[in-house]
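Participant: This is the structure, below, for whatever I ask next.
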Amino acid sequence: DGGITQSPKYLFRKEGQNVTLSCEQNLNHDAMYWYRQDPGQGLRLIYYSQIVNDFQKGDIAEGYSVSREKKESFPLTVTSAQKNPTAFYLCASSMEGPQYFGPGTRLLVL
Amino acid sequence: RKEVEQDPGPFNVPEGATVAFNCTYSNSASQSFFWYRQDCRKEPKLLMSVYSSGNEDGRFTAQLNRASQYISLLIRDSKLSDSATYLCVVHGSGGSNYKLTFGKGTLLTVNP
Chain A
1 DGGITQSPKY LFRKEGQNVT LSCEQNLNHD AMYWYRQDPG QGLRLIYYSQ
51 IVNDFQKGDI AEGYSVSREK KESFPLTVTS AQKNPTAFYL CASSMEGPQY
101 FGPGTRLLVL
Chain B
111 RKEVEQDPGP FNVPEGATVA FNCTYSNSAS QSFFWYRQDC RKEPKLLMSV
161 YSSGNEDGRF TAQLNRASQY ISLLIRDSKL SDSATYLCVV HGSGGSNYKL
211 TFGKGTLLTV NP
């Protein structure tokens, strides 16, 4: 089945720790995105990538990093510099039209 | 003016009611438009695209008014399963062919 997968479903981070969220798609989409959603808030764009080996900062990139070494994969690292990382993280992909989302990862700070 | 603005609701309606959501956008150069629905603690899912001539998909009707920079979604004969947050989404407002801008969403609860 074609789709977008994210793992893990839940992730716990300790103070000062970097954690990496996985996002994989087999839809052959060129573009991939990472969003953050806080309770009662809209989606905010963290990073996006239109092609392999290229990515751009979104509206709230500070404290995050990404890579795009393969078309299918767009991992997001939440670094220790991100002081308020607790949120629902959503990955999406598209081909110049609507975006399709993975099931999300909930990140919690211990 | 916010890039994409929606009435946050909440809307509480009985089963069978007709409900309408409105959305405005600030960038007149925006290229395409969508409605997504998001269930509690789930990812957003594409409900329908919005075309200039207006379009219908079963009980759902979407309309676009480019002159007023206004998008609407009408749900007829509401079902309990329609309870969700509805997100208005605009494509191309940020100068990128790929970037979407999401409204904060309108919460709908359909009551038995």
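Just so you know, the protein sequences line up as chains A and B, in that order. Residue numbers 1 to 110, in our numbering, belong to the letters of the first sequence in order. Residue numbers 111 to 222, in our numbering, belong to the letters of the second sequence in order. Even glycine gets a Cβ: it sits at the ideal position worked out from N, Cα and C. The model shown is predicted, which means the values in this text are computed figures rather than measured ones.
What do you get for residue 150 of chain B, buried or exposed, if any count of 16 or more other CB atoms within 10 angstroms of its CB means buried?
Facilitator: In the second sequence, counting from the first residue as 1, residue 150 of chain B sits at position 40. The residue is exposed, with fewer than 16 neighbouring Cβ atoms inside 10 Å.
Participant: Between the alpha carbons of residue 39 of chain A and residue 62 of chain A, how many angstroms are there, rounded?
Facilitator: Taking the first sequence and counting its residues from 1, the one referred to as residue 39 of chain A is at position 39. Taking the first sequence and counting its residues from 1, the one referred to as residue 62 of chain A is at position 62. Cα to Cα, residue 39 of chain A sits roughly 20 Å from residue 62 of chain A.
Participant: Given that a residue counts as buried once 16 or more other Cβ atoms are within 10 Å of its Cβ, and exposed if not, what is residue 85 of chain A?
Facilitator: Start at 1 with the first residue of the first sequence, and residue 85 of chain A comes out as number 85. By the neighbour-count rule (16 or more Cβ atoms within 10 Å), residue 85 of chain A is buried.
Participant: Taking 8 Å as the threshold (beta carbon to beta carbon), is residue 41 of chain A in contact with chain B?
Facilitator: Taking the first sequence and counting its residues from 1, one reaches residue 41 of chain A at position 41. Chain B contact via Cβ: present.
Participant: For residue 217 of chain B versus residue 120 of chain B, is the C-beta spacing smaller than 8 Å?
Facilitator: By one-based count along the second sequence, residue 217 of chain B stands at place 107. By one-based count along the second sequence, residue 120 of chain B stands at place 10. In this structure, residue 120 of chain B lies closer than 8 Å to residue 217 of chain B by Cβ.
Participant: Considering only DSSP beta bridges, list what residue 130 of chain B is partnered with.
Facilitator: Mapped onto the second sequence, residue 130 of chain B falls at position 20. According to DSSP, which records beta bridges pairwise, residue 130 of chain B is partnered with B:184.
Participant: Could you have a look at residue 30 of chain A and say whether DSSP puts it in helix, strand or coil?
Facilitator: On the first sequence, residue 30 of chain A is found 30 positions in, with the first residue counted as 1. DSSP places residue 30 of chain A in coil when its eight states are reduced to three.
Participant: Hey, residue 179 of chain B and residue 138 of chain B: beta-carbon distance below 8 Å or not?
Facilitator: Residue 179 of chain B sits at position 69 when you count from the first residue of the second sequence. Residue 138 of chain B sits at position 28 when you count from the first residue of the second sequence. A contact, by the Cβ cut-off of 8 Å.
Participant: I want to verify the contact list: residues of chain B whose CB lies under 7 Å from the CB of residue 98 of chain A, in sequence order.
Facilitator: As a first step, residue 98 of chain A is located in the first sequence; it is residue number 98 there, counting from the start. What residue 98 of chain A touches in chain B: 144, 156 and 159.
Participant: Residues in the same chain with beta-carbon distance under 6 Å from residue 32 of chain A, minus the five sequence neighbours each way, listed in chain order, please.
Facilitator: Along the first sequence, read from residue 1 onward, the residue named residue 32 of chain A stands at position 32. Excluding residues within five positions, the ones whose Cβ falls inside 6 Å are 49, 74 and 93.
Participant: Are the stretch 8-23 of chain A and the stretch 179-193 of chain B touching by the rule of at least three beta carbon pairs closer than 8 Å?
Facilitator: The stretch 8-23 of chain A vs the stretch 179-193 of chain B: no contact.
Participant: Please list the partners that residue 90 of chain A has in chain B, where partner means a Cβ-to-Cβ separation under 7 Å.
Facilitator: As a first step, residue 90 of chain A must be located in the first sequence, where it is residue number 90. Correct list: 153.
Participant: Please confirm if residue 48 of chain A has its CB atom under 8 Å from at least one CB of chain B.
Facilitator: Numbered from 1 along the first sequence, position 48 holds the residue referred to as residue 48 of chain A. For residue 48 of chain A, the answer is yes, since a Cβ of chain B falls inside 8 Å of its Cβ.
Participant: From the beta carbon of residue 218 of chain B, is the nearest beta carbon of chain A less than 8 Å away?
Facilitator: Reading the second sequence from its first residue, position 108 is the one you call residue 218 of chain B. No, residue 218 of chain B does not count as interfacial toward chain A.
Participant: Is it the case that the Cβ atoms of residue 211 of chain B and residue 148 of chain B are separated by a distance below 8 Å?
Facilitator: Start at 1 with the first residue of the second sequence, and residue 211 of chain B comes out as number 101. Start at 1 with the first residue of the second sequence, and residue 148 of chain B comes out as number 38. Cβ distance not < 8 Å, so residue 211 of chain B and residue 148 of chain B don't count as in contact.
Participant: Report the rounded CA-to-CA distance for residue 99 of chain A versus residue 6 of chain A, giving the unit in angstroms.
Facilitator: Within the first sequence, numbered from 1, the residue matching residue 99 of chain A stands at position 99. Within the first sequence, numbered from 1, the residue matching residue 6 of chain A stands at position 6. Distance between the alpha carbons of residue 99 of chain A and residue 6 of chain A: 15 Å.
Participant: Please work out which residues of its chain come closer than 8 Å, Cβ to Cβ, to residue 130 of chain B, disregarding the five sequence neighbours upstream and downstream, and give them in chain order.
Facilitator: Numbered from 1 along the second sequence, position 20 holds the residue referred to as residue 130 of chain B. Counting only Cβ-Cβ distances below 8 Å, and skipping sequence neighbours, we find 182, 183, 184 and 185.
Participant: Is DSSP giving residue 223 of chain B helix, strand or coil here?
Facilitator: The first residue shown for chain B is 111 and the last is 222, placing residue 223 of chain B beyond what the model contains.
Participant: Tell me whether residue 10 of chain A is buried or exposed, calling it buried when 16 or more other Cβ atoms sit within 10 Å of its Cβ.
Facilitator: Along the first sequence, read from residue 1 onward, the residue named residue 10 of chain A stands at position 10. Classification for residue 10 of chain A: exposed.
Participant: For the stretch 8-27 of chain A, which residues have a beta carbon sitting closer than 9 Å to at least one beta carbon of chain B?
Facilitator: Cβ contacts with chain B: none found.
Participant: Grab the span of the beta strand (DSSP E) containing residue 221 of chain B for me, first residue to last.
Facilitator: One-based indexing of the second sequence puts residue 221 of chain B at position 111. Unbroken beta strand (DSSP E) run through residue 221 of chain B: 216-221.
Participant: Work out the CA separation of residue 154 of chain B and residue 127 of chain B for me, nearest whole Å.
Facilitator: Position 17 of the second sequence, counting from 1, holds the residue named residue 127 of chain B. Position 44 of the second sequence, counting from 1, holds the residue named residue 154 of chain B. Distance between the alpha carbons of residue 127 of chain B and residue 154 of chain B: 24 Å.
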